[in-house]
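Residue numbers (our numbering), protein chains in the order written: chain A, 54 to 382; chain B, 466 to 877.
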C-alpha cells in the first residue's frame, strides 16, 4: 500500500475514533488487528469443517426430509425437487409441522412439555446438589481436591448403559434399596421406584451431575472472596450475601453447567427408556418410534427440528450473555 | 491549603508538642524508664476524650504462630489511628478481628463499652474500606453505595438521599451509572470510601487505603481522605506499611512488630522520641551508635563510643548506672556537615571523616561520611540555594557536629 493511501486509511480510522462509542470500538479493533497468516486460517478451518460436516450438513438433510411426505420407496420419503416436462418443481410439505402442533391426542406437544419439565427439573436438581459440591471442591486443600475429583469422575469410567442397568438393579422391587429398607423395618412392603419419574430423575441427575459441578467449580475458584467479606461488612447476612454476591460472580458457571445438563437431558432416550414408566413418554422415545417403528422419516425429522429449535433458544441466550460479559471485561 | 489545615489539626492533637516549641525537654523522659511505653498512659488531654474502642489482651493464634500477641489499645472518639508495620507484623489480622472476619483466640474488643468479639461482621457498626476496594462488579456506583443501606431495609427515598449525600462528599455525582471497571483507581477508592461511610459507622477501618494507587495519586488522596473523614467526624483505624502515609494521615500511630505494639504516639513523638532501636530504625533513617555511659548528672550525660574520639554529650540526665551499655540514635538531618571545624562545640559532639558517597534527591542531599573508626554516618543537607557552591564533594574531608539535644539515648 502506498504511504499516502496508508495515511488516508489511518486518518479515516482516527476520525472514526472520534465518533460514537460503538464505531470507536470497531475502529480500535481495526487499529489493533493483525494480519492472519494462512497457517492460522488452517487451524481455524478445522473446527469449521467439523461443524459443517457433522452438524450443518446432517441438519440440512434432516430439515429437507422434514419438508417431504412419507412414501413407500427407498429412501422412504417423497423428493422435494422433481423435473416434469423439463421444468423444475419444488414441493415443500408443511403437513408434518402442522401435524405436530395440531395432533388431536396432543401426543407430540405433551411429550415436548414432559421432556422440558424433566430436563428443567433435573437441571435444577443438579444445580442444587452440584453447587455445594463445587463449593467444597474449590475450598478444600489440593490433595483432598484430587481425591474428590477422582470420586466425581470415576463412575464415568464404566459404560453409561451398564450404570443405568445398575440403577435398575438398585431400584427394582426386590432390589438392594428395597431389601435394605425392609430388613431395617422402615417399610413393610417394597416401594415402587423403578419405572417412575423418580427413577428417571435419579438416572439423569446421577449421570449429568459432573457436567454441572465442573463449570461451577471453575467459576467458584475465580471468586474474589473479599467481595463476600465486603457484603458481610455492609450488613448482608449469609443468605443475602450468597444471592447478591456469590451467585452473580458464579453466573457464567451456573449458565454453562445448566446448559451442559439441560441440553442432553432434553433429548435423553436411554435413561427414560430403561428407568422410566410407560406413562412418561419423552421426546426421545417419540423420535425413536417415528423413525424405526412407524418408518415415518418426514414426521420424525420435523419432531427433531422442533426439538432443535427449543434447544436453540437457551443456547442463544447463553451466547448473548457470554458476549455481554466479554464486552464488559 | 489542605496541608495547612492538617497542621492545625495536628497541633490540636493530644501529646503533640506545639510546632513552635523547640525540642521538648520532657521528651527525653522515656530513657529514664526503659520498659515504659509512652502513649499508653493517658495524657491530660486524652483523659477527657471519650474512648470509643478498647482492646485488651487481644491474641490471635494460627496454630503455633501468634499473629497478634496480647495487645492493649484504646482509641478515642474522632481520632485517626494508624497501625504501622512491615508485612506479617499482625496489623492486618488485628484489623480483621475488629471487622469480625477473624475470631480472636483470647482477649476482648469493646466498642463503646460493649464486647463485640462474638458479634458477626454483618451486625457490627463498623465498616471497612478494603485494600482492593472490593466493589461489587455487577453493580454500578449507586448500587454499590446503596448496598449497605438496603440491608437495613430503609425506605427508598431515605436510601437515595443518603447515597446522594455520599456521592457529593466524595465528588462522584457524575459517575453514578458507571460500573467499577469503568472507573479509575482513584475513583474506585472514592466509591469504596462512600460505600463504607454510607452506613454512618461508629468506626471506619481502612486497610492499606493507598495500596492500590500510584505514587502521585497517593499523595493527593491522603489529604483528601483525611479531609473527608474529618468532615464526617468518624473515628478511623487504618493499617499501612507506608510510614509517610501514617504520618500524614494519622493523629496517633502504633508501630507493630511480631504481633505486638512497639510504640504508640503522635507522628512527631514517634519520630523525635523513639523508645527503642526498632522504632528509631523503622521510622525514617537514623544513625545508631553502640555506647556506654560515662557519667550522668542533673543536666548532662557523657557517653563513650568507640566510633568517636571524644565523648557524646547529652543535654539531660540518664537514670542509669555508670558504665551501662546503651544506644545513641541520631537523625541524619540533625547532623551538621561542614568543610571547616565548628568552634562552638568545644570538642564534644563532633567528629571528622571523608565523604564517601552523596545521594542527590533534589530537595535534599544525603552525605555518607566514613569516620576513621570505619563507621559510616549519614547527614542530610537541604538544597535551599540553587547555585550554592562550596558544598562538600566526594572524598572531601568534612567535620560533623550536632546539638546535645539531638541525641536520643535508647536502652532497648
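Note that beta-carbon positions come from the ideal geometry of N, C-alpha and C, so glycine has one too.
Per DSSP, the continuous beta strand (DSSP E) segment holding residue 761 of chain B begins and ends at 752-761. The alpha-carbon separation between residue 755 of chain B and residue 795 of chain B amounts to approximately 12 Å. For residue 660 of chain B, the secondary structure class from DSSP, reduced to helix, strand or coil, is helix.
Among the CB atoms of chain A, none fall inside 8 Å of the CB of residue 676 of chain B. With respect to residue 807 of chain B, residue 816 of chain B sits apart: the two C-beta atoms are not nearer than 8 Å. Ranked by Cα distance from residue 162 of chain A, the options A/380, A/351, A/337, A/372 are led by A/337.
Residues of the region 286-301 of chain A with a C-beta atom less than 9 Å from some C-beta of chain B are 286, 287, 288, 289, 290, 291, 293, 294, 297, 298, 301, listed in chain order. By the Cβ neighbour-count rule, residue 373 of chain A is exposed, with fewer than 16 other Cβ atoms within 10 Å of its own. At a beta-carbon threshold of 8 Å, the residues of chain A lying near residue 597 of chain B are 277, 279, ordered along the chain. Straight through space, the alpha carbons of residue 813 of chain B and residue 867 of chain B are spaced by roughly 9 Å. DSSP places residue 613 of chain B within a helical segment (H, G or I) once states are collapsed to three. When DSSP states are grouped into helix, strand and coil, residue 207 of chain A belongs to the helix group.
For residue 844 of chain B, the three-state secondary structure derived from DSSP is strand.
For residue 645 of chain B, the closest Cβ of chain A is not nearer than 8 Å.
With fewer than 16 other Cβ atoms from the protein chains shown falling within 10 Å of its own Cβ, residue 746 of chain B counts as exposed.
Taking a C-beta distance under 8 Å as the contact criterion, residue 556 of chain B and residue 699 of chain B do not qualify as a contact pair. At a cut-off of 8 Å between beta carbons, residue 569 of chain B makes no contact with chain A. For residue 187 of chain A and residue 208 of chain A, the gap between their C-alpha atoms comes out near 17 Å. The secondary-structure analysis by DSSP pairs residue 579 of chain B across a beta bridge with B/576. Taking a Cβ-Cβ cut-off of 7 Å, the neighbours of residue 613 of chain B in chain A comprise 287, 288, given in sequence order. Proximity of residue 326 of chain A to chain B, defined by a Cβ-Cβ separation below 8 Å, is not satisfied. Contact check for residue 668 of chain B and residue 517 of chain B: beta-carbon distance about 7 Å, within the 8 Å limit, so the pair qualifies. Close to residue 616 of chain B, with beta-carbon spacing below 9 Å, are these residues of chain A in chain order: 284, 287, 288, 289, 290, 293.
Cβ-Cβ distances below 7 Å link residue 725 of chain B to 534, 536 in the same chain, with the five nearest sequence neighbours on each side left out; the list follows chain order. Using a Cβ-Cβ cut-off of 8 Å, residue 562 of chain B does not count as an interface residue toward chain A, since no Cβ of chain A sits closer than that to its own. Closest in alpha carbon position to residue 691 of chain B, among B/615, B/676, B/712, B/528, is B/712. Under the 8 Å criterion on CB atoms, residue 738 of chain B is classed as non-interfacial with respect to chain A.
With distances taken between CA atoms, residue 573 of chain B lies nearest to B/523 out of B/560, B/710, B/543, B/523.
Across the structure, residue 774 of chain B and residue 845 of chain B are spaced so that their CA atoms are roughly 22 Å apart. Classified as exposed, residue 160 of chain A has fewer than 16 neighbouring CB atoms from the shown chains inside 10 Å of its CB. With respect to chain A, the C-beta atom of residue 541 of chain B has no partner C-beta closer than 8 Å.
Under the 8 Å criterion on CB atoms, residue 586 of chain B is classed as interfacial with respect to chain A. DSSP, reduced to helix, strand and coil, places residue 331 of chain A outside both helices and strands of the structure shown, so it counts as coil. C-alpha of residue 673 of chain B to C-alpha of residue 216 of chain A: approximately 55 Å in a straight line. When the five nearest sequence neighbours on each side are left out, the beta carbons in the same chain lying within less than 8 Å of the beta carbon of residue 614 of chain B are those of 623, 624, 627, 628, 663, 664, in order along the chain. Chain-ordered listing is empty here: chain A has no CB closer than 8 Å to the CB of residue 556 of chain B, the nearest sitting near 17 Å.
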